[in-house]
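Count along the sequence shown from 1, add 144, and you get the number used in my numbering.
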Amino acid sequence: MLNKNSVWKVLLAVLIVAMCALYALPNLYGEDNAVQISAGRNATVTESMLSQVRETLDSNEIDTKRIEFEDGQILVRLKDSEAQLKARENLERALGDDYVVAMNLAADTPQWLEDLGASPMKLGLDLRGGVHFLMEVDMSEAIAKSLEDAESDFRTALREENLRYRAVNVRDGHVDIKFRDEETLESAQFFLRNRNRDLLFTEQDNLVLRAAFSENKLKEIRDYAVKQNITILRNRVNQLGVAEPLIQKQGADRIVVQLPGVQDTARAKEILNATATLEFRLLDREHDVRDAINGRVPPGTQLINDKNGQPQLLEKQVMLTGNHIIDANNSVDEYGIPQVNISLDSEGGNKMSRGTRGNIGNPMATVFIEYKATGEKTEEGKLKFEKHEEVISVATIQAQLGSSFRITGLDSPKEARDLALLLRAGALIAPIQIVEERTVGPSLGAENIELGMQAIIYGLIAVLAFMLIYYKAFGIVANIALASNLVMIVGIMSMIPGATLTLPGMAGIVLTVGMAVDANVLIFERIREELRDGRSPQQAIHQGYDSAFSTIMDANITTFIAALILFAVGTGPIKGFSITLMIGIATSMFTAILLTRVIVNAVWGGRRVKKLAI
């Protein structure tokens, strides 16, 4: 008999709808006002701190919903925004500057749903509120650092080739190498040109060979600076506990950072503006550090304090910068002593090999360099930065190092862990400054959600009413499919890690509401045509679904391709719209073709039917 359901179709339809409904559930529970505590550079968050946090909040009569410790962070959930603000102020005073105390919103999802991996949809800045930063990378500093690297590389390479030079200096966007005679200059020029294809070499007066970056090399430096800074900014944003941040390149030297749900704008700026880098240098063992402290600093050296405030005399020449580090992790050696294992890229491995070849047994220092904005501006209107340096580790070179090596001589596992985190986070190539800042309040986001939901509900009611009136009993089937379609969209959006719902995305859902019943209209009209042609109800149902299938597929596939192109070439709001549209197309095809067929077959199929209510 026609229109009988197979077991696998019923199970498939029920399973998919039930799974989507399950993962859509967290969206019903809302969010809590929360304060998140994470560790700064010189601290760590442990579970033992929970008692200190509780005591601080209790002593200030701040009621909490619950306090959680997870992934090295403490999350304090509070009842309202007033308690949230009060909690942040008191915890900042109690914990000090070593800890990052930031306000945000945390999903109030039940534990059993979290255990299943269910979480609410990620909301964009326009729906959730938060901060928007447009940041500019200081390209002059990036190029200057590359010139310093080139200078150091020239010194090492010429020494290895026994090509004697008088001086190597960086001047006005180029490197000048001065030689003793014409013959050495020509030999060095031939050697360096073959070794550095991306540099332009020209002879100057007084036996000077000038090296400058080509346009392609300058473009490569700028692109790398932006990409590296984006990576580091992502690591820093993790301290703020932002569920779905947007960090992407804009133009040649700018980066867009959107942090939905972040309410503490000042703290976000502080973390993002903390421009830092790393350098590996040799300690100067030929001169007395006490002479340098008294003002007699030997040439080619620099006096830098370590983390305990003790001065260290270092060579100015940089062996390696932190931007060559691929990975770093802490462990213990065979004697249980903490250490940090470091992996470098190929260029970094070559530099480390050359730098350590003749320095076995000598101490090597890891220098942490931070650029802090002074508040003053240059003539071009850009912020001025002040350089702060600190020796965070000193280790003895045990053998010639390559792309993989380890740092030993650390005092504790905590020090090894903190150093590994710092190294793994990488180094900003150049300072960045915020050139544009926008804040979207939670109230405005809530208003946008309310208005968007009203549009969806009004559209849904209108479509439900039309289908019920026009198609009678079959309209009820279409309405069940439409409701299931909305649940599936929410469930899938919640399951996809990178999917973020924006205001244009809600417009996509409204559009999907209308499109979802389009396929059912085609099927139901085809069934009516078959009935008018004298077919039996069972034959009409069978022919209606089969003949409309190709039309539905063609129409939806073309729309899906258009949405896919929007997603590929679009940014921000356009992507938000295209994601919901693509998901809506896929779910509407499933509900119209499979789900409604299962319901229709269950109600009318497999038995004698004289008349259809359609």
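For glycine and all other residues, C-beta sits at the position ideal for the given N, C-alpha and C.
Check                                                                                                                                                                              : Outcome
Drop a sphere of 10 angstroms on the beta-carbon of aspartate 489, count the other beta-carbons inside from all chains shown, and report buried for 16 or more, exposed for fewer. : exposed
For lysine 148, is the classification buried or exposed, using 16 other Cβ atoms within 10 angstroms of its Cβ as the cut-off for buried?                                          : exposed
Which ranges would you report for the beta strand (DSSP E) in the stretch 343 to 372 if only whole runs of at least 3 residues count?                                              : 343 to 348, 352 to 357
Compute the beta-carbon to beta-carbon distance between glutamine 402 and leucine 269, rounded to the nearest angstrom, for a pair I have assumed lies under 8 Å.                  : 5 Å
Write down every uninterrupted run of the alpha helix (DSSP H) in the stretch 160 to 225 whose length is 4 residues or greater and which is fully enclosed by it, in chain order.  : 193 to 203
With DSSP collapsed to three states, give me the class of glutamine 544.                                                                                                           : coil
Just curious, the alpha helix (DSSP H) that asparagine 506 is in, first and last residue?                                                                                          : It is not in any alpha helix (DSSP H) - asparagine 506 carries neither H nor E in the DSSP assignment.
Kindly identify the DSSP beta-bridge partner or partners of lysine 266.                                                                                                            : Thr644
Give the DSSP bridge partners of valine 319, in chain order.                                                                                                                       : Val314, Ala355
Sorted by chain position, which residues of the same chain lie with C-beta nearer than 7 Å to lysine 616's C-beta, five sequence neighbours on each side aside?                    : Ala757, Ile758
What residue from Asp555, His532, Arg501 has the CA that sits closest to glutamine 483's CA?                                                                                       : Asp555
Flag this pair as yes or no: are the beta carbons of leucine 595 and valine 511 separated by less than 8 Å?                                                                        : no
Mind reading off the beta-carbon distance from serine 769 to proline 264? Whole number of angstroms is fine, and I expect it under 8 Å.                                            : There is simply no residue 769 to check, as the chain begins at 145 and stops at 758 in what is shown.
By a C-beta neighbour count over all protein chains shown, 10 Å radius and 16 as the cutoff for buried, is lysine 266 buried or exposed?                                           : buried
Okay, do the stretch 168 to 177 and the stretch 238 to 253 touch, 3+ Cβ pairs below 8 Å being the bar?                                                                             : yes
Does tyrosine 309 get closer than 8 Å to chain B when you measure Cβ to Cβ?                                                                                                        : The structure shown contains no chain B; it is built from a single protein chain.
Name, in chain order, the residues that DSSP records as bridge partners for proline 482.                                                                                           : Val476
What does the alpha-carbon distance come out to for the pair aspartate 191 and glutamate 214?                                                                                      : In the sequence as displayed, the identity of residue 191 is glutamate instead of aspartate. When rounded, the distance between both Cα atoms is 9 Å.
In three-state terms, what does DSSP make of leucine 146?                                                                                                                          : coil
What first and last residue would you give for the alpha helix (DSSP H) that runs through glutamine 661?                                                                           : First, the amino acid is wrong: residue 661 is valine here, not glutamine. That residue, valine 661, is in no alpha helix (DSSP H); it is neither H nor E in DSSP.
Go ahead and pull the three-state DSSP assignment for serine 587.                                                                                                                  : helix
Determine the extent of the alpha helix (DSSP H) in which alanine 746 is found, giving its start and end residues.                                                                 : 740 to 748
In whole angstroms, what is the alpha-carbon distance linking alanine 692 and glutamate 669?                                                                                       : 9 Å
Please state if the CB of isoleucine 504 and the CB of alanine 543 are separated by a distance shorter than 8 Å.                                                                   : yes
Thinking C-beta only, is alanine 736 closer than 8 Å to alanine 627?                                                                                                               : no
Using a 10 Å radius around the Cβ and a threshold of 16 neighbouring Cβ atoms, would you call phenylalanine 334 buried or exposed?                                                 : exposed
In chain order, what residues of the same chain lie with their CB nearer than 7 Å to the CB of alanine 564, ignoring the 5 residues before and after it?                           : Ala472, Asn473, Asn474, Val484
Please report the distance separating the alpha-carbon of serine 547 from that of glycine 499.                                                                                     : 12 Å
Look up asparagine 467 in the DSSP assignment and say whether it is helix, strand or coil.                                                                                         : helix
Put asparagine 306 into one of helix, strand or coil per three-state DSSP.                                                                                                         : coil
Would you list, in sequence order, the uninterrupted alpha helix (DSSP H) runs of no fewer than 4 residues that lie entirely inside the stretch 675 to 727?                        : 681 to 713
Just to confirm, is the Cβ distance from methionine 726 to asparagine 700 under 8 Å?                                                                                               : no
According to DSSP, is arginine 751 helix, strand or coil?                                                                                                                          : coil
Taking glutamate 350 as the reference, give the member of Arg324, Leu336, Glu359 with the closest Cα.                                                                              : Looking at the sequence itself, residue 350 is asparagine, so the reference to glutamate does not match. Residue Arg324 is the option with its Cα nearest to asparagine 350.
Quick test of the definition: if touching needs 3 or more C-beta pairs under 8 Å, does the stretch 603 to 611 touch the stretch 282 to 290?                                        : no
Based on the DSSP secondary-structure assignment, which residues constitute the bridge partners of arginine 550?                                                                   : Asn485
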